[in-house]
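Numbering (the working numbering), first residue to last: 8 to 722. Structure first, commentary second.
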């Protein structure tokens, strides 16, 4: 089928004039996406980082809002932009100012009648007075998150959304494989229903954007959802979605660096716990990594260093600054206050901060300015995240991204090597959306009836229009309704209060007292991680500093000093839900920690690691070294370390875990108990259910409790 391109003449002359002044020419992604977006078609756009995807999605909507006759006849939001990250939404708001101001200036100059679009952000960080203003004076473009959209739809403020005609979902790949995405796409079907009841005869135009998504057919089904029919069997018909796979794969200059001669012989010890003199020590690679990071930071104007946990971000920032003798890096993660994160981002963009220690909070499409180099410490959690992270360097059209991966230990070097090949080839993991997550269903049903009564058939059909629930059976649906309305399968649940009323004679589902509050208080699928807010004490202004894990707070007392955001803070008071602090500049403090930081390795990535170990052991040394240098970005030092590691493992156990071999080791511990290790590269997502099944089986067979641990490399 021939590729179709868009003619810029279809834009208003003012829009066309502005674009011609700002850019030499549209990117392939923009030209191909505009062909479908301008015709009102649902569009899924896959294009490399820095190829102008966001502008491709927005420019047609901006053009319509500003110049289409009669388009601003109703008071309400016209374009809804949904971001998985609050920081990404704020970044998009900032980036929209250029086209809006530029096109308006040209229209003013030429005395052309136009509407000046308004933009607002509504997220968990939005102050209450700003939320009220959005409700009273709806913007033309509303930037929000999945959870904030749900809250809007579950309140009287939902009326501002009846005028929405375009929905843009950025970084859609991050919402596909989890219940958060399922929750969002039910919310979109609720928005479709709201628009229909307000008299809109056409469906929303849906635009999905990502640089890393596969398989495209699966994601297109999720994006489009289905249209309800008037058939007696309540059938739904999938909406068509145009898939645009545009642009060359981004060029990546990637290398894996090992900062020591032999990773098996680490001579420099560090304290095993705390800093007490004379305490136990362990050999560590960190004393070799820290100076290399300082060297790389000073060789480049702007550097982003990605790590896989917030604790490591804080620890690295402290170590690098101490070694450099000045502040050259700051930690950036979701547990820092919004204003602190924004300040760090701005300092990196304007060049006053040479480096940033980042977590996944910055891996998506946030514009971080002229970043020269990205460093990844240890293997990225997924190939998709690795591509996103390395793609932050030279984040513009045709820019080549430069990246360095530094492994922490020999097993990590194997994972880094497998990741490097797939990152360079753009081989992201396949992602599939969950089918029929009933906890999401229960939450959305309560929200749907929180403001008015609804017919059970109407609720069922609306839910099934969302792709994750397309195959939801009537019996499963009614079982959830039974649970919500107080008809429980056992007397053990009789003390649970019903959440809604279901009249089985009329088929009407109605709210009970407190239903709306329940729906709002329990919004979303992001788990409560038990975090305590950290605030300056009243005498210091009371502003938010960040947040700490509840276990760390339990171990902390007034007078203690801890580090957060590369600054020291002294605890003044600990209340039931917050920690009050004052600055303690220059004082040494405890390193913070948070639980739940460790991501599970995807099965595809695990298979790639296993395949690489199998191939390397089957080849002679020169062939294996050539493979590692040509396909996996390893220099000779790194290649020698990896091959030595694999041969040491083979010599020790006779077999190395691979994609075709599971290795089981048994040994006696120091008190004479048997330990069993099941070693595979398949990742914690496989090992966790496997371990639980084994533990259950052993309990049933031997009536003994079995202690289990699992990680990415085994059980």
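Quick reminder that beta carbons are idealized off the backbone N, C-alpha and C, glycines included.
Can you round the beta-carbon distance between residue i and residue j to whole angstroms, since I take them to be within the 8 Å contact cut?
i	j	result
residue 42	residue 73	Between residue 73 and residue 42 the Cβ distance is about 21 Å, and since that is not below 8 Å, they are no contact.
residue 688	residue 593	Going by Cβ atoms, the distance from residue 688 to residue 593 rounds to 45 Å, so no, they are not a contact pair.
residue 314	residue 645	Actually they are not in contact, since the Cβ atoms of residue 314 and residue 645 sit about 19 Å apart, beyond 8 Å.
residue 227	residue 55	Incorrect: roughly 19 Å between the Cβ atoms, too far for contact.
residue 624	residue 657	6 Å
residue 410	residue 383	7 Å
residue 556	residue 601	4 Å
residue 335	residue 304	6 Å
Using the three-state DSSP reduction, which class does residue i fall into: helix, strand or coil?
i	result
residue 383	strand
residue 727	Within the shown structure, residues of the chain are numbered from 8 to 722, placing residue 727 beyond reach of any answer.
residue 80	Note that residue 80 scores a pLDDT of 48, beneath 50, so its modelled location is shaky; the value from the coordinates is reported in the next line. DSSP places residue 80 in coil when its eight states are reduced to three.
residue 207	coil
residue 111	helix
residue 8	In this prediction, residue 8 has a pLDDT of 46, which is less than 50 and means its spatial position is unreliable; nothing more can be read from the coordinates.
residue 364	strand
residue 722	coil
residue 212	strand
residue 567	coil
residue 340	coil
residue 24	helix
residue 349	helix
residue 273	coil
residue 92	coil
residue 65	helix
residue 679	coil
residue 413	strand
residue 503	coil
residue 702	helix
residue 462	strand
residue 544	coil
residue 472	coil
residue 86	strand
In whole angstroms, give me the CA-to-CA distance for residue i and residue j.
i	j	result
residue 243	residue 577	59 Å
residue 619	residue 344	42 Å
residue 319	residue 362	15 Å
residue 502	residue 491	13 Å
residue 392	residue 66	27 Å
residue 205	residue 194	17 Å
residue 453	residue 517	9 Å
residue 297	residue 360	18 Å
residue 629	residue 651	13 Å
residue 507	residue 184	30 Å
residue 44	residue 379	33 Å
residue 729	residue 15	Look at the range of the chain in this structure, 8 to 722, and you will see that residue 729 is not part of it.
residue 589	residue 324	21 Å
residue 488	residue 174	30 Å
residue 743	residue 369	Residue 743 lies beyond the range of the chain shown here (8 to 722); nothing can be said about it.
residue 703	residue 720	21 Å
residue 482	residue 120	56 Å
residue 408	residue 398	6 Å
residue 182	residue 95	14 Å
residue 171	residue 530	22 Å
residue 542	residue 349	17 Å
residue 366	residue 509	46 Å
residue 237	residue 524	33 Å
residue 693	residue 707	22 Å
Give the range of the beta strand (DSSP E) segment to which residue i is assigned.
i	result
residue 311	310 to 313
residue 674	670 to 675
residue 262	259 to 263
residue 509	507 to 510
residue 584	First-last for residue 584: undefined, no H or E at that position.
residue 235	233 to 235
Any heavy atom of the ligand FMN closer than 8 Å to the beta-carbon of residue i?
i	result
residue 167	Ligands in the displayed structure: none, and consequently the ligand FMN is not present.
What residue range does the alpha helix (DSSP H) around residue i cover?
i	result
residue 628	628 to 638
residue 333	Premise fails: residue 333 is in no alpha helix (DSSP H) and is neither H nor E.
Would you call the region 155 to 162 in contact with the region 124 to 133, where contact means no fewer than 3 C-beta pairs closer than 8 Å? yes
Evaluate the contact criterion for the region 255 to 265 versus the region 477 to 489: three or more CB pairs, one atom per stretch, below 8 Å. no
Do the region 20 to 39 and the region 183 to 190 make contact, defined as three or more Cβ pairs closer than 8 Å? no
Taking three-plus beta-carbon pairs below 8 Å as touching, is the region 54 to 65 in contact with the region 222 to 240? no
Take every Cβ of the region 505 to 519, pair it with every Cβ of the region 445 to 462, and state whether three or more of those distances are shorter than 8 Å. yes
Counting pairs of beta carbons, one from the region 423 to 431 and one from the region 393 to 401, are three or more of them closer than 8 Å? yes
Assess contact between the region 97 to 108 and the region 135 to 146, defined as three or more Cβ pairs (one per stretch) separated by less than 8 Å. Is contact present? no
Does the contact criterion of 3 or more C-beta pairs under 8 Å hold for the region 208 to 218 versus the region 43 to 53? yes
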